[in-house]
Amino acid sequence: MELGTTISRLRVERNMSQGDLAEALDVSRQSVSKWETNASVPELDKLVKLGRLFGVSLDELVTGEAPPVSEPPPSASPARRDPGHRTAGIILLCMAFLVWLLPAVLGGPLEGLFLAAPFLVCAAVCFVCRRRTGLFCGWAVYLFVELYLRWATGITWRLVLTTPHFTPSMNYARLAIAWIQLLVLLLMFFLTIRSFRDIRINLKKRKNVFLLAGGWAVLALLYLLKDRGYTLIYQNPAFNTGLGVRLLLRAGDVLLLALFAALLTAAACALRGLRRRPE
Numbered sequence: 165m166e167l168g169t170t171i172s173r174l175r176v177e178r179n180m181s182q183g184d185l186a187e188a189l190d191v192s193r194q195s196v197s198k199w200e201t202n203a204s205v206p207e208l209d210k211l212v213k214l215g216r217l218f219g220v221s222l223d224e225l226v227t228g229e230a231p232p233v234s235e236p237p238p239s240a241s242p243a244r245r246d247p248g249h250r251t252a253g254i255i256l257l258c259m260a261f262l263v264w265l266l267p268a269v270l271g272g273p274l275e276g277l278f279l280a281a282p283f284l285v286c287a288a289v290c291f292v293c294r295r296r297t298g299l300f301c302g303w304a305v306y307l308f309v310e311l312y313l314r315w316a317t318g319i320t321w322r323l324v325l326t327t328p329h330f331t332p333s334m335n336y337a338r339l340a341i342a343w344i345q346l347l348v349l350l351l352m353f354f355l356t357i358r359s360f361r362d363i364r365i366n367l368k369k370r371k372n373v374f375l376l377a378g379g380w381a382v383l384a385l386l387y388l389l390k391d392r393g394y395t396l397i398y399q400n401p402a403f404n405t406g407l408g409v410r411l412l413l414r415a416g417d418v419l420l421l422a423l424f425a426a427l428l429t430a431a432a433c434a435l436r437g438l439r440r441r442p443e
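If you read the sequence shown in our numbering, its first letter stands for residue 165, the second for the next number, and so on.
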């Protein structure tokens, strides 16, 4: 069986159009059509991607014949597929329990749960995510540290904007912490965009355009509502701005920051999708 016939058969079996296959491989639809009519042959890297996409070996893809089925070796059992993530998740759960235990013994179980939350979130990431586990855990730790600092000290990375007008009486340690926050945040943005560098969002589909534009619109609206809400709260002397209320307000700020990071990554993927695809 010819290669083009095999590609066409596997594509149809998976209910994919030529356009869907072209988008998945980051090529033009004309290139897929030429492959299926044997007018051209895919490059080696495209053959590898085709094999992964269709779940077949290169030998089966080229010859059109399935390889003989053999029994998997005992060491390849599913139970031992990925013990590293599971072990890390268990260790993080144990650390979360230890972090929660001391405040709980001293009479503050909720405070202990608050401090143990980053370990619990990272443990959940280890159990659920098979890819980019370290990246998601890094974001979880950063966002919780950001929340702690905003809640306990009022320090945010925006404090760096006052650098030209900062005075010794304003405490340079606070400014230094704000700069560290900003540099770590920029590093997280860079690592996130780099981690998703192979993903492209096709803006020729209206659905993707609407989703991306809608996401930015929702983010802008939430920021406006947040600022308006802050103004109403702090101008109302009858409103009780206790620790719990301030914590919720700061948590809202951090969630908006997480949404901004997700939209920024999606925008970067969309810009890469605008690049001209090779014929």
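Glycine is no exception: its CB is placed at the ideal position from the N, C-alpha and C atoms.
Just so it is clear, the structure is predicted and the values come from calculations on it, not from any experiment.
Would DSSP call Ala203 helix, strand or coil? Against the sequence shown, residue 203 aligns to sequence position 39. Three-state DSSP puts Ala203 in coil, outside helix and strand.
Roughly how far, in whole angstroms, is the beta-carbon of Leu299 from the beta-carbon of Leu355, given that I think they are within contact range, below 8 Å? Working through the sequence shown from its first residue, we reach residue 299 at position 135. Working through the sequence shown from its first residue, we reach residue 355 at position 191. Your pair Leu299 and Leu355 checks out as a contact, with CB atoms roughly 6 Å apart and the cut at 8 Å.
What residue range does the alpha helix (DSSP H) around Trp444 cover? The structure shown does not extend to residue 444, since the chain is modelled only from 165 through 443, so no value can be given for it.
Using a threshold of 7 Å, state whether the C-beta atoms of Leu189 and Lys210 are closer than that. If you number the sequence shown from 1, residue 189 lands on position 25. If you number the sequence shown from 1, residue 210 lands on position 46. It is a contact, given that the beta carbons lie within the stated cut-off.
For Ala430 versus Leu307, is the C-beta distance shorter than 7 Å? Position 266 of the sequence shown, counted from the start, is the residue given in the question as residue 430. Position 143 of the sequence shown, counted from the start, is the residue given in the question as residue 307. No, the Cβ-Cβ distance between Ala430 and Leu307 is not below 7 Å.
For Leu411, which residues in the same chain have their Cβ closer than 7 Å to its Cβ, ignoring the five residues on either side in sequence? Within the sequence shown, residue 411 is the residue found at index 247, counting from 1. Cβ within range, chain order: Trp315.
How about the stretch 286–300 and the stretch 249–262: do they share at least three Cβ pairs that are nearer than 8 Å? yes
Using 8 Å for Cβ pairs, my map puts Val263 next to Leu279. What's the rounded Cβ distance? Translated into positions along the sequence shown, residue 263 becomes position 99. Translated into positions along the sequence shown, residue 279 becomes position 115. That pair is a contact at about 5 Å.
Per DSSP, what kind of secondary structure is Asp184 in: helix, strand or coil? Here residue 184 refers to the residue found at position 20 when the sequence shown is read from its first residue. Asp184 falls in the helix class under three-state DSSP.
The alpha helix (DSSP H) spanning Glu275 covers which residue range? Your numbering for residue 275 matches position 111 in the sequence shown. Element bounds for Glu275: Pro273 to Val292.
Can you tell me the Cα-Cα spacing of Leu419 and Thr331, whole angstroms? One-based indexing of the sequence shown puts residue 419 at position 255. One-based indexing of the sequence shown puts residue 331 at position 167. Inter-residue distance for Leu419 and Thr331 is about 31 Å (C-alpha atoms, whole angstroms).
Residues in the same chain with beta-carbon distance under 8 Å from Tyr336, minus the five sequence neighbours each way, listed in chain order, please. Here residue 336 is taken as the residue at index 172 of the sequence shown, counted from 1. Counting only residues of its own chain and dropping the five nearest sequence neighbours on each side, Tyr336 has a CB closer than 8 Å to the CB of Phe330.
With a cut-off of 8 Å on the beta carbons, I'd call Ile341 and Ile319 a contact; round off their distance for me. Position 177 of the sequence shown holds residue 341. Position 155 of the sequence shown holds residue 319. With 8 Å as the limit, Ile341 and Ile319 qualify as a contact, their Cβ atoms being about 5 Å apart.
Reducing DSSP to helix, strand and coil, say where Phe354 ends up. The residue given as residue 354 occupies position 190 in the sequence shown. In the three-state reduction of the DSSP assignment, Phe354 falls in the helix class.
Where does the unbroken alpha helix (DSSP H) through Ile255 begin, and where does it stop? Stepping through the sequence shown from its first residue, residue 255 is reached at position 91. Per DSSP, Ile255 belongs to the alpha helix (DSSP H) from Pro247 to Val269.
6 Å CB neighbourhood of Pro267 in its chain, flanking five on each side removed: Along the sequence shown, read from residue 1 onward, the residue named residue 267 stands at position 103. For Pro267, where only same-chain residues beyond five positions count, the Cβ hits under 6 Å are Glu275 and Gly276.
Taking all protein chains shown into account, do 16 or more other C-beta atoms lie within 10 angstroms of the C-beta of Cys433, making it buried, or fewer, making it exposed? Mapped onto the sequence shown, residue 433 falls at position 269. By the 10 Å Cβ count, Cys433 comes out buried.
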